[in-house]
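The next block holds one structure in the form of C-alpha cells; read it before the comments.
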Amino acid sequence: MTRRLALALSVICAVIVAHGARAAGPAFDDPAAYCRAVGTIDRPDARYGGPAVPDWIARSLMQAVNAPPSASLAFFRRAAWRCSGGQVMACMYGANIPCDQKADVDRAPPDGAERFCRQQPDADVVPHVAFSRPTVFLWRCDGTTPAIVRQVMDVDRDGYPAPFWYAVAP
Numbered sequence: 010m011t012r013r014l015a016l017a018l019s020v021i022c023a024v025i026v027a028h029g030a031r032a033a034g035p036a037f038d039d040p041a042a043y044c045r046a047v048g049t050i051d052r053p054d055a056r057y058g059g060p061a062v063p064d065w066i067a068r069s070l071m072q073a074v075n076a077p078p079s080a081s082l083a084f085f086r087r088a089a090w091r092c093s094g095g096q097v098m099a100c101m102y103g104a105n106i107p108c109d110q111k112a113d114v115d116r117a118p119p120d121g122a123e124r125f126c127r128q129q130p131d132a133d134v135v136p137h138v139a140f141s142r143p144t145v146f147l148w149r150c151d152g153t154t155p156a157i158v159r160q161v162m163d164v165d166r167d168g169y170p171a172p173f174w175y176a177v178a179p
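Structure, rendered in C-alpha cells:
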C-alpha cells in the first residue's frame with residue numbers, strides 16, 4: 010500500500026468515526042441510569058441528554074424536604090442534580106443555598122470575614138453574606154480577627170454541604 014493511499018484511508022476512517030460519534034448523541038436521557046454508569050460527577054456532562062430536571066427528581070426532592078402537597082412542582086424543577094457513588098443527588102437553590110458550590114472547609118479566615126471584622130470588631134457572628142462560598146464554620150470577630158466558634162455543617166464525600174443535598178430515586 011502506498012503512503013498516499015494509507016493516508017487517504019486514515020482520513021476517511023477518522024471522518025467516519027467522528028461522524029458516528031456525533032450521530033450517536035448523548036448516551037443517557039435518564040439521570041438514574043446516567044449516575045449508575047458514571048459513578049460520581051459534579052454536574053451532568055455531554056453524555057446526558059435528558060431534561061434538565063425530570064419530574065421524578067422534582068417530586069422526589071419535594072418529598073425529601075417535606076414540602077406540602079400544595080407546593081408547586083415547577084418550583085422544584087429549578088433544582089440542581091449530580092451523581093455521587095452511582096446515586097442521583099438533588100439540591101434546591103435558595104437563600105444561602107448555593108447548590109453549585111462545594112463547601113469551604115478551610116480554617117483560615119476568608120477575606121470577607123476579615124473585612125467584616127475590621128468594620129465590626131467583636132461581632133458575635135460573621136454573616137453568610139461575608140463569605141464567597143458556603144463555609145462549614147460559624148465565625149465571630151475576636152476584636153478585628155475572625156475566629157471559628159464551631160463547625161455547624163457536615164460535608165458529604167464529594168465536598169458539598171451535606172444538609173443541602175438529598176439522595177433521590179424514581
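Sequential numbering from 10 applies to the sequence shown in our numbering.
C-beta: ideal position from N, C-alpha, C; glycine also.
- Only buried fits Gly121, as 16 or more other CB atoms lie within 10 angstroms of its CB.
- Where Ile66 is concerned, there is no enclosing beta strand (DSSP E), although the alpha helix (DSSP H) around it starts and stops at Asp64 to Ala73.
- The criterion of a C-beta distance shorter than 9 Å is not satisfied by Val97 and Val164.
- Within its own chain, the residues whose Cβ lies closer than 8 Å to the Cβ of Ala88, once the five positions on either side in sequence are excluded, are Val62, Ile66, Ala67, Leu70, Ala99, Cys100, Met101, Tyr102 and Cys108, listed in chain order.
- Using a 10 angstroms sphere on the CB of Ala112, the tally of other CB atoms reaches 16 or more, which defines it as buried.
- For the pair Pro40 and Gly95, the Cα-to-Cα distance works out to about 10 Å.
- Counting along the chain, the unbroken alpha helix (DSSP H) around Val47 starts and ends at Pro40 to Val47.
- If you draw a straight line from the Cα of Thr154 to the Cα of Ala117, it is about 11 Å long.
- With respect to the C-alpha of Gly48, the residue from Pro170, Pro172 and Arg166 having the closest C-alpha is Arg166.
- Under the DSSP definition of a beta bridge, Gln96 partners with Ser93.
- Counting every other CB atom within 10 Å of its CB across the protein chains shown gives Ala139 a total of 16 or more, marking it as buried.
- Take His137, set aside five residues on each side of it, and the residues of its chain with a beta-carbon closer than 6 Å to its own are Asn105, in chain order.
- Looking at Val74, Ser79, Ala83 and Arg91, the one whose alpha-carbon comes closest to that of Tyr43 is Arg91.
- When beta bridges are read from the DSSP output, Tyr57 appears opposite Phe37.
- Distance check between Ser141 and each of Pro130, Gln128, Arg124 and Ala73 places Arg124 closest, using alpha-carbon atoms only.
- Where Ala176 is concerned, the enclosing beta strand (DSSP E) starts and stops at Trp174 to Val177.
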